[in-house]
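Shown next, in structure tokens, is the structure this report addresses.
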Amino acid sequence: MMISLLLDGRPVHGAGGLPAPTVLADLRRHPETIRVLLEAALAPRARFRSVRELVARGPTRFDIKRHAILPVVNLARWAALDVGSTALGTVDRLHAAAGSAMLPESRAGTLIEAFSVLQRLRLRYQLMQHADGQRPSDEVTMEQMSAIDRSVIAQAVREITAAQRRMANVSAYVATEEWALPEPT
1 MMISLLLDGR
11 PVHGAGGLPA
21 PTVLADLRRH
31 PETIRVLLEA
41 ALAPRARFRS
51 VRELVARGPT
61 RFDIKRHAIL
71 PVVNLARWAA
81 LDVGSTALGT
91 VDRLHAAAGS
101 AMLPESRAGT
111 LIEAFSVLQR
121 LRLRYQLMQH
131 ADGQRPSDEV
141 TMEQMSAIDR
151 SVIAQAVREI
161 TAAQRRMANV
171 SAYVATEEWA
181 LPEPT
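For the sequence shown, position 183 (counting from the first letter as 1) is numbered 183 according to full-length UniProt numbering, and the numbering increases by one without interruption.
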């Protein structure tokens with residue numbers, strides 16, 4: 001959590017900010033730190049309730065930010081750190097890390113698409129909540145979502161989960177020093 005504050009920091013006033021390249025270079029010299037940060041980034045798993053759970057438990061709410069968007073943000077933050085990028089936006093971070101051993105080009109593209117779709121859906125439902133006089137939140141009821149939206153979210157979560165699973169597997173079998181290298185051809 002604290003490292004995310006450092007990595008996501010933007011100057012509020014005046015020029016400059018944190019010497020990010022120096023901080024990032026220092027972190028990358030400590031492979032065990034990078035490994036621990038990856039474990040923290042993978043901890044909040046993407047998840048979406050199955051139809052079986054919906055039927056068994058009745059009306060449910062889904063927090064689109066917590067269960068779908070935040071896992072992508074965490075992966076992007078870590079992947080950018082791993083390749084030494086100082087990019088701050090999630091999409092920029094995914095672009096910067098694309099093509100590394102941990103985040104192949106195709107997987108990065110899939111995550112960018114999933115992130116964009118999820119952000120649009122989140123905004124649409126927040127606008128609907130506002131129009132209905134409710135306070136906008138990241139939670140939507142499953143009944144409120146269309147079948148197409150549920151399907152899109154489920155597919156996005158599957159892709160995010162696959163990326164998380166791949167990163168966990170690569171980290172178990174590939175030396176930390178090789179994570180930032182270009183993906184094997």
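All C-beta atoms in this analysis are idealised placements derived from N, C-alpha and C, irrespective of residue type, glycine included.
Since we're looking at a predicted model, the values are computed, not measured.
inquiry  = Looking at E183: is its Cβ nearer than 8 Å to the Cβ of G99?
reply    = Residue mapping note: residue 183 aligns to position 183 of the sequence shown, counting from 1. Residue mapping note: residue 99 aligns to position 99 of the sequence shown, counting from 1. Yes. Within cutoff.
message = Suppose the cutoff is 6 Å on Cβ atoms and the five residues either side in sequence are ignored; what does the same chain contact list for V91 look like?
response = By 1-based counting over the sequence shown, the position of residue 91 is 91. These residues qualify, in order along the chain: I112.
task = Select from A172, P104, S137, F115 the residue whose C-alpha is nearest the C-alpha of I153.
result = Against the sequence shown, residue 153 aligns to sequence position 153. Ranking the options by Cα distance to I153, first place goes to F115.
message = For H130, which residues in the same chain have their Cβ closer than 7 Å to its Cβ, ignoring the five residues on either side in sequence?
response = Numbered from 1 along the sequence shown, position 130 holds the residue referred to as residue 130. Contacts found: P136.
ask   = Which of helix, strand or coil does DSSP assign to D82?
value = Here residue 82 corresponds to residue number 82 of the sequence shown, with the count starting at 1. In this structure, D82 counts as helix in the three-state DSSP scheme.
key: Other residues of its chain near M167: CB distance less than 6 Å, five sequence neighbours each side excluded   = Here residue 167 is taken as the residue at index 167 of the sequence shown, counted from 1. Closer than 6 Å at the Cβ level, and outside the excluded window around M167, lie M102.
ask   = Which residue comes first and which comes last in the beta strand (DSSP E) that contains H63?
value = Here residue 63 is taken as the residue at index 63 of the sequence shown, counted from 1. Residue identity differs from the one stated: residue 63 is Asp in this sequence, not His. Taken as a continuous stretch (DSSP letters only), the beta strand (DSSP E) holding D63 covers 61–63.
query = What is the DSSP secondary structure of E143, reduced to helix, strand or coil?
reply = By 1-based counting over the sequence shown, the position of residue 143 is 143. Here E143 sits in coil by DSSP.
request  = State the Cα-Cα distance for the pair R66 and S171, rounded to the nearest angstrom.
outcome  = To locate residue 66, count along the sequence shown from 1; it is residue 66. To locate residue 171, count along the sequence shown from 1; it is residue 171. Roughly 24 Å separates the two Cα atoms.
message = Relative to the C-alpha of I160, which candidate in L37, A43, T33 has its C-alpha closest?
response = For this step, residue 160 is matched to residue 160 along the sequence shown. It is A43.
key: Three-state secondary structure assigned by DSSP to S100   = As a first step, residue 100 is located in the sequence shown; it is residue number 100 there, counting from the start. It is a strand residue.
ask   = Quick one: what does DSSP say P71 is sitting in, helix, strand or coil?
value = Translated into positions along the sequence shown, residue 71 becomes position 71. Helix, per DSSP.
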